Every structure is written in structure tokens, then in C-alpha cells.
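According to the UniProt record's numbering, the residues represented by the sequence shown are 1 to 523, in order.
Positions of the beta carbon are idealized from the N, C-alpha and C atoms, including for glycine.
Predicted model, so just to flag it, every value in this text is computed and none were measured.
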Amino acid sequence: MSFPLLTATAALPAIGAIATAAVPAAKRTAAKWLALLFSLATLVLAIVVLVRFDPDGDRYQLTESHAWIADFGVRYELGVDGIAVALIALTALLIPFIVLAGWHDADPLETGNKRWRPTQGFFALILAVEAMVILSFEATDVFLFYIFFEAMLIPMYFLIGGFGDRAHEHGEETAATQRSYAAVKFLLYNLAGGLIMLAAVIGLYVVAGNFSLTEIAEARANGSLDMATDTERWLFLGFFFAFAVKAPLWPLHTWLPNAMQESTAPVAVLITAVVDKVGTFAMLRFCLQLFPEASKWATPVILVLALISIIYGALLAVGQRDIKRLIAYASISHFGFIIMGIFAMTSQGQSGATLYMVNHGISTAVLMLIAGFLISRRGSRLIADYGGVQKVAPVLAGTFLIGGLATLSLPGLAPFVSEFLVLVGTFTRYPVIGIIATFGIVLAALYTLVLYQRTMTGPVKPEVAEMPDLRVREIAVVAPLVVLLIFLGVYPKPVTDVVNPAVEQTMSDVQKKDPQPEVEAAK
Numbered sequence: 001m002s003f004p005l006l007t008a009t010a011a012l013p014a015i016g017a018i019a020t021a022a023v024p025a026a027k028r029t030a031a032k033w034l035a036l037l038f039s040l041a042t043l044v045l046a047i048v049v050l051v052r053f054d055p056d057g058d059r060y061q062l063t064e065s066h067a068w069i070a071d072f073g074v075r076y077e078l079g080v081d082g083i084a085v086a087l088i089a090l091t092a093l094l095i096p097f098i099v100l101a102g103w104h105d106a107d108p109l110e111t112g113n114k115r116w117r118p119t120q121g122f123f124a125l126i127l128a129v130e131a132m133v134i135l136s137f138e139a140t141d142v143f144l145f146y147i148f149f150e151a152m153l154i155p156m157y158f159l160i161g162g163f164g165d166r167a168h169e170h171g172e173e174t175a176a177t178q179r180s181y182a183a184v185k186f187l188l189y190n191l192a193g194g195l196i197m198l199a200a201v202i203g204l205y206v207v208a209g210n211f212s213l214t215e216i217a218e219a220r221a222n223g224s225l226d227m228a229t230d231t232e233r234w235l236f237l238g239f240f241f242a243f244a245v246k247a248p249l250w251p252l253h254t255w256l257p258n259a260m261q262e263s264t265a266p267v268a269v270l271i272t273a274v275v276d277k278v279g280t281f282a283m284l285r286f287c288l289q290l291f292p293e294a295s296k297w298a299t300p301v302i303l304v305l306a307l308i309s310i311i312y313g314a315l316l317a318v319g320q321r322d323i324k325r326l327i328a329y330a331s332i333s334h335f336g337f338i339i340m341g342i343f344a345m346t347s348q349g350q351s352g353a354t355l356y357m358v359n360h361g362i363s364t365a366v367l368m369l370i371a372g373f374l375i376s377r378r379g380s381r382l383i384a385d386y387g388g389v390q391k392v393a394p395v396l397a398g399t400f401l402i403g404g405l406a407t408l409s410l411p412g413l414a415p416f417v418s419e420f421l422v423l424v425g426t427f428t429r430y431p432v433i434g435i436i437a438t439f440g441i442v443l444a445a446l447y448t449l450v451l452y453q454r455t456m457t458g459p460v461k462p463e464v465a466e467m468p469d470l471r472v473r474e475i476a477v478v479a480p481l482v483v484l485l486i487f488l489g490v491y492p493k494p495v496t497d498v499v500n501p502a503v504e505q506t507m508s509d510v511q512k513k514d515p516q517p518e519v520e521a522a523k
């Protein structure tokens, strides 16, 4: 029996969560180091998964399959394709930086009669989310995927509501109320999506007789499972609705700005760079593979919704006064690009969308974590409370600028390649959608550069005159991510080599081929 590598990769952070939570309350520093060590060990296993994965091999590799709830046909089935491998690597890479960035975010703080939750709980919850996200990327049993797709909401709820941002202009009591509101809104939106998906999961079992993704997809391909058109469309809508909430896609996005605004910066990164990727990943793995005809039927409407997300998110980002809400609306715009690339039904679009998931995770981590360091120094999220920071903290300002330039997809930084592929892939099949979507790039330049100008340039405000520059721990958090942004911006081939074969197989699932160019290239 071979070593269960995929199980180990998900189990290690779960064990770390239990071990961290069990550390005595007086040993807060020990709990932090334990969480960091478990996250680094998980990263090592994720690298082993990446190395052992053969892009030219079978579609699903490192597979595991064991009986679980036999009476209902539920199995513990795991397997990874190139898209899952890339996102597991992204998750495992970001968690150590999230832990390190949040080193002091959950330290006890007396505020009247209230006290922050134990430090151990903060880091244990982060590791628990990591375990559930990795299992979601690995699961090839639809019911198993559903369980962890929903279960990750519980630790996220406590991270948002129990360990929110301490910077609030209206005092602790109001801050606690708004944190609770953001956490409940996050939970209700995602639970509603999950309940609709549960009905679709049950419907899929009634039609197919099992929950195995590979068996159902194979039966669909060879014609042994003939799903009625209306049935397939209803099931698709049930799955897609849940994924669109998680993604988040307009108009199901409204939970995200509140959740990111009230969370600590590391938790905000966990939400948008890690957890939300499960939604877009699931569109590729489940919607297109299980319901190919329904996916093509829904494509025009989904592309319009994605286009609205791109423009709407960018426009609202331009008008924001709160730094975190600006980054949240920018992420809604970016997720619009990702979903547009997925449903453009071209190899360039889907490769770009998958690459965008990775690159967006890194660029958002840089920008949001630097914003968190900035906010913790000043004690305010409001853009108007800053000015002239680059004169007193040049390293902080410089890394903030790099994160912002990556957000607007500057050539030479990682998101440019993925956004370019998405636009090219969309334009070849839907030129009008592609042309309108390019305005999102213009708006991204506007909100990013205006944010930098208002916070970092101009006269030094008295409140930031003594602001310290980045410390060693903070540089250790952002420097590797900045290097990765530049490396993947210049040389994205390591990621595209892994994901492209999986994209080709997804295109085959929906029986789509890339449009032929109208003018043949000169020989």
C-alpha cells in the first residue's frame, strides 16, 4: 500500500490545529511557533505532491479510495489534477506567511469588560481552514467535497467575528457589533449557497446512483448515463449558485467587503486568496465536468454577470474611503476576470483563469498584508488619515506600490500574464465581452494609483510622522511574495506546464475547441 500523501497533506494542518489549541493559555508564544512549524511542514508535503505530479500522466493522480458510508455510496476518494496541485501549492505557500503576519493580531488586549479570544484559538482556526481547503481541492467524491466545502465556514466565522480588526474609528463596542454582523452575513450567504448545493448533490445521486466524480464523468462521456436536459440544468444551477457565492460573483458578492473590512489583514488574505478560490476551482472541476451541456447553456448569462463583476467591482473600488474595502472590491473585479476566463470556453481563457487564481492569491496577499501593517501603525483604515508615508517608511511604501502595481496587472508582474490570457481567450470567442472587460484594467490603474497617491505621497501628516518602517518579521513576510510576483511575471511556465493538460481535458469535457484565427499566420 502506497503512502497516502494527499491525506497526509490535509491531515497535517488538522493535527496542527488540535495541537495548537491544546497549548496552555500561558504559552502563547509556543502556540505561535507550533502553528508556524505545522504550516511549514504542510508546505513541504505540498511541494512533494507538486514534484510527484506528472502533468503528462493520468488526469487524477496520487489517488486514494476507501469505503466510507457504503449504504449511500459515499467514498473517501481523493485525487489531484494540475489545477488542484497548483492551488494546493498556493494554499500551503500562503499559510506560513499568514501565520507570521498575524503574529500579534490575537494577543490578549483588555478593552473595558471585553477580552480578545485566546491566541491559541486564532492560529488553530487558521490551520483548520487550511486542512479543509486542501481536502476540498483533493476530493473527487462529490459528497466528501460538499462536507469540507461547508465545514470551512465554521472556523472562518469565528476568525471574522472573534478576531476582527482592532482599528476602528467608532470604538470597541461598535467594532464588535460590526464584526458580528460581518461574520453572520458571511455565514448566512455561504450557508444558503451550501443548502441549495446540498439539494443538487442529492439530486445528482438520485440520477447517477453514486457520488464519484470520475465515475459520473466517465458515464456521461460514454453515454451510459443519459441525463435529461432540464434535470442537468437544474443540477448545474444548484452547484453553480453555491460556487458563485463563494467566488464571489455579482450579485452574490455583498458579504465579502464586510468580511474583509472587519477581519484582521491575515484573515482577509485567508478569505480572498485561499477560501474564495474553492468556488472558482469547483466551477472548473464540478460544473464543467459533470454538467457540460448545462455549462454551455448558461455561459452567456454567466459571462454577463462576470463582466458586471469586473466593472462594478472596479468602479466601487475607485470610490472607497476604507483601504480594506477598496481591496475587497478590487478582488470582486478580479474574480470576475477569473470566472469570465473559465466560461469563455477557450484554452487560453481557462489557462489564464487558473493562472489568475494563483497570481491573484499572491498579489492580494502582498497588498493586503502591507495594508495591515500600515493600519496597525496608524490605527485607522481610512485613506484620508494617511499622507506622506513614503517619506517616513520608504520600504513599506515601496512594497505597497509593488503590490498595487501587481493588482493593476503591470507587465512584468505575475497577474499581467494571467489577465492577458483571459482577455485573449475571451476575445477570440466573445469579442464584445472581451472589449468591455478591458475597461476593468483602466479602472484598476485608477483605484490603485489614487490609493497610493493619497496614502503614500504628499505632505507628511503629523499622525504618521513617527511611523516606523517595516520590521524584520514583516519584511520576511512580504519579500518572498514580492520575489515570486516578479518571477512568475517574467517566467510563468512552471505553473502553465502543470495546469495546461488539465485545462485541455476540461475543454474536452465540454466538447469545445478553440476558434480558428480568421487570418492564418505567415509560414
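Among the candidates G379, A151 and T346, whose CA atom is the shortest distance from the CA of M507? T346
On a Cα-Cα basis, can you pick out the residue from P394, L37, T455 and L303 that is closest to I475? The shortest C-alpha separation from I475 is found at P394.
If we ignore side chains and look at the alpha-carbon of each, how far apart do residue 524 and A298 end up? This structure gives no information on residue 524, because the portion of the chain shown stretches from 1 to 523.
Round the Cβ separation of L5 and V48 to the nearest angstrom and send it over; I've been treating them as touching at under 8 Å. Contact holds; Cβ gap of about 7 Å.
Can you say whether R52 is buried or exposed, counting buried as having 16 or more other CB atoms within 10 angstroms of its CB? Classification of R52: exposed, given that the 10 Å Cβ count is below 16.
Sub-9 Å separation of L78 and A139 beta-carbons: yes
Would you list the one or two residues that DSSP bridges to E77? According to DSSP, E77 bridges with S65.
Own chain residues within Cβ distance below 7 Å of W103, not counting five before or after: K32 and R473
Indicate whether the contact test is met: 3 or more Cβ pairs, each with one atom in the segment 397-409 and one in the segment 358-373, closer than 8 Å. yes
Over what stretch of residues does the alpha helix (DSSP H) that includes H334 continue unbroken? I323 to F343
Could you give the C-beta distance for L307 and I433, rounded to a whole number, given that I count them as a contact under 8 Å? 6 Å
Which stretch, first to last residue, makes up the alpha helix (DSSP H) that contains H360? S347 to R378
Can you check the segment 452-494 for any alpha helix (DSSP H) of at least 4 residues that lies completely inside it and give the ranges in chain order? Qualifying alpha helix (DSSP H) stretches, in chain order: 472-490.
Which residues does DSSP pair with L382 in a beta bridge? D322
Look at the Cβ atom of R378, then the Cβ atom of V498, and state whether they are nearer than 9 Å. no
Consider the C-beta atom of W250 and the heavy atoms of the ligand FAD; say whether any pair is separated by less than 8 Å. Ligands in the displayed structure: none, and consequently the ligand FAD is not present.
Less than 9 Å separating the beta-carbons of V274 and G361? yes
S212 by DSSP, collapsed to three states: which one? strand
What does DSSP give as the partner residue(s) for S263 in the beta ladder? G164
Between L50, T264 and A406, which lies nearest to F123 when the distance is taken from Cα to Cα? Comparing Cα-Cα distances from F123 to each of L50, T264 and A406, the minimum goes to T264.
Unbroken alpha helix (DSSP H) run spanning R59, endpoints: Taken as a continuous stretch (DSSP letters only), R59 belongs to no alpha helix (DSSP H), as it is neither H nor E.
Assign S136 to buried or exposed, taking buried as 16 or more other Cβ atoms, counted over all protein chains shown, within 10 Å of its Cβ. When all chains shown are included, S136 counts as buried.
From I216, V99, A26 and L188, pick the residue whose C-alpha is nearest to that of G73; which is it? I216
Under a Cβ-count criterion, where at least 16 other Cβ atoms within 10 Å of its own Cβ denotes burial, should R325 be classed as buried or exposed? buried
Given Q178, which residues of its chain have a CB within under 7 Å of its CB, disregarding the five upstream and five downstream residues? E262
Note down the Cα distance separating F38 from L396, rounded to an integer number of angstroms. 28 Å
Under a three-way DSSP split, which group does A247 fall into? coil
Specify the secondary structure class of D107 as computed by DSSP and reduced to three states. Correct three-state label for D107: coil.
Could you work out which residue in G313, D56 and A247 is closest to F439 when comparing CA atoms only? Answer by Cα proximity: G313.
Quick check: what's the CA-CA separation for S409 versus A176? Each residue's Cα considered, the two are about 36 Å apart.
Secondary structure of D141, DSSP reduced to three states: strand
Taking F420 as part of the alpha helix (DSSP H), name the residues at either end of that continuous run. A414 to R429
If I follow the unbroken alpha helix (DSSP H) through F286, where does it start and stop? Looking at the DSSP string, F286 is not in any alpha helix (DSSP H), and its letter there is neither H nor E.
Here's the rule I'm using: 16 or more other beta-carbon atoms within 10 Å means buried, otherwise exposed. How should N222 be labelled? exposed
Roughly how many angstroms separate the alpha carbons of V503 and T91, rounded to a whole number? 20 Å
Closest by C-alpha distance to residue 594, when choosing among S295, E218 and L256: Beyond the ends of the chain as shown, which are 1 and 523, falls residue 594; an answer cannot be given.
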